[in-house]
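>
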Amino acid sequence: MRELHLSVTVDEVNLILEGVGLLPFARVYALVAKVQQQASQQLGGKPAQEEPDAT
15 MRELHLSVTV
25 DEVNLILEGV
35 GLLPFARVYA
45 LVAKVQQQAS
55 QQLGGKPAQE
65 EPDAT
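Numbering (the numbering used here), first residue to last: 15 to 69.
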C-alpha cells in the first residue's frame, strides 16, 4: 500500500483524531495508535500538546 507523508500542526492532528474518534473503535484503533506512535517519535517522546493561541 502506498504511504502519504503529510505536514500538519499538532492542533490539526488533534482535530483529525477527534473526528476519527467518532467512528467505531474496532475500525479505527490501529490508525489512532499509528498516529500517536509517529507523533511521539517526532515530538521526542513527549505527549502531543495543543499549541497556545496567538490571541
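Ideal Cβ placement from N, Cα and C applies to all residues, glycine included.
#1: Going by CA-CA distance only, name the one from R16, E17, L31 that's closest to T23.
#2: Could you spell out the range, first to last residue, of the alpha helix (DSSP H) harbouring S54?
#3: Less than 7 Å between the beta carbons of V49 and V42, yes or no?
#4: Starting from E26, trace the alpha helix (DSSP H) in both directions and tell me its first and last residue.
Result, derived from the coordinates:
#1: L31
#2: 39 to 56
#3: no
#4: 24 to 34
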